[in-house]
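Here's the structure, in C-alpha cells; my notes come after.
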Amino acid sequence: MKKELILKTILLLSFLGTIITACSPKISMVTAWQNEPLSIASAESWSAPTATDKRSKLDYALSNDRENLYIILQTADPATRLRIIRAGMELEIQTPENEKNPGTIKYPLPEERITLFDGIGRQEGARDRPRQDPTEMFNRVMASQTELELSGFSNHPNGRVPLQNEGGINIGVDMDSQGVITYKALIPLHTFLDESPAGISAQNHLLTITVNAIDMPGGPPGNFTGPGMPGGGRTSPNDPGYRGGASGPRPGGGYMIGVDLDRLTRSETIKINFKLTSQ
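With this note's numbering applied, the sequence shown corresponds to residues 434 to 712, in that order.
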C-alpha cells in the first residue's frame, strides 16, 4: 500500500508538471548581431549565455549574422543534465511562414525504452562498486549519438542527418570537467526563412526548447524496478538502498547525487519570441 501511494504521488506530480510546462510564459528578445561566423567545432568563439530560465535551469543566448541563427544553451543542473543525456532535447522554430509545420530538431535523441531507474538501480554488492563518473556516463551515451532528427525545414534534408554537415544544420553537445553541458546549434536562415535578415527584422519568430522527461518505470503499482533494472529497486524499508520519501528510492550512481527525482519525470519547456538582428 505504501509503495503504491508513493508511485501515485510521483505520477500526480509528473502530471501537474506537464500542465505547468504547457502554460510556460514566453520570453521576448532580439538576437545579438554576430560579427564573425561561428563554428560548432570552436567552442572558444561562442559567447557564454547571459539569460537563465529558472525552472529548467538552462542558460541561453541567441545571435545571428546574414547566414545563420546561432543558439547556445548551458546547464550544470544535475536533473536537467541527466534528462538531456538520457531522454533528449528538442528545438522548434516557428515563423509566420511555417506556423503549421515548424522546423524541429531532435538531439540528443532519447535512449530507446528508457525509464527512470533503468540501469541505475541498486544491485547486490553495488555499495562496493565505484560510483559512475558523470563524464564517463556522458561520453558513453553521446558516443552513439551520431545523428540528429529534423522535420519541417525547407531547402534542407529532413529525417536523420549527420550532426555536422557543410552548409546545413549543425549541432554540438559537450560537457566540461565541472559537469557543465554546452549545447550549440548553427541553423542556416534559409532553412526557415524566405528572405535575408535585412528584410525580416520586424518579424516575430518562436523558439521552443524542450528538455524531455524520463519515463516512469513500468510494471504493476509499487514495482519500481521497471524494465531493464536488474537486481530490483530496493523499495522495502528493510533494504539497504531504501530512503523513502515522496520521490521514491534513491538509485545508486555518482551522477544521481543531488538530482531532484520529481523533475526527472516531467519535461520542461522554454518559449522564446525573438526577432533577428539586421545590419
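Note that the Cβ used here is the ideal one computed from N, Cα and C, for glycine as well. Fair warning: this is a prediction, and the values are worked out from it, not measured in the lab.
Can you grab the Cα-Cα spacing for the pair ALA493 / THR483, in whole Å? As written in the sequence, residue 493 is Tyr, which differs from the Ala given in the question. TYR493 and THR483 have their C-alpha atoms some 7 Å from each other.
What does a CB cutoff of less than 8 Å around VAL725 pick up in its chain, not counting 5 residues either side in sequence? Outside the modelled stretch of the chain, which goes from 434 to 712, sits residue 725, for which no answer is possible.
What's the call for GLN712, buried or exposed, on a 16-neighbour Cβ count within 10 Å? The residue is exposed, with fewer than 16 neighbouring Cβ atoms inside 10 Å.
Check for me: the beta strand (DSSP E) holding PRO590 runs from which residue to which? Careful: PRO590 lies outside any beta strand (DSSP E) and carries neither H nor E.
Contact set for GLY612: own chain, Cβ-Cβ below 6 Å, skip 5 residues either direction: Once the five neighbours on either side are set aside, the close Cβ partners of GLY612 are ALA509, PRO567.
Which value, in whole angstroms, describes the spacing of the CA atoms of GLU530 and LEU626? Going by C-alpha positions, GLU530 is about 8 Å away from LEU626.
Measure the alpha-carbon distance for ARG716 versus ILE604 and round it to whole angstroms. The structure shown does not extend to residue 716, since the chain is modelled only from 434 to 712, so the question has no answer here.
Roughly how many angstroms separate the alpha carbons of ASP693 and ALA512, rounded to a whole number? Going by the C-alpha atoms only, they are around 6 Å apart.
Cβ of LEU506 within 8 Å of Cβ of MET462? LEU506 places its beta carbon 8 Å or farther from that of MET462.
When burial is assigned at 16 or more other CB atoms within 10 Å of the CB, is ARG593 buried or exposed? With fewer than 16 Cβ atoms within 10 Å of its Cβ, ARG593 is classed as exposed.
By a C-beta neighbour count over all protein chains shown, 10 Å radius and 16 as the cutoff for buried, is PRO590 buried or exposed? Exposed, since its Cβ has fewer than 16 Cβ neighbours within 10 Å.
Element boundaries [alpha helix (DSSP H), containing THR483]: First-last for THR483: undefined, no H or E at that position.
Using the beta-carbon count (16 or more within 10 Å), is GLU557 buried or exposed? No answer about GLU557 holds up, because its pLDDT of 46 lies below 50 and its placement is not dependable.
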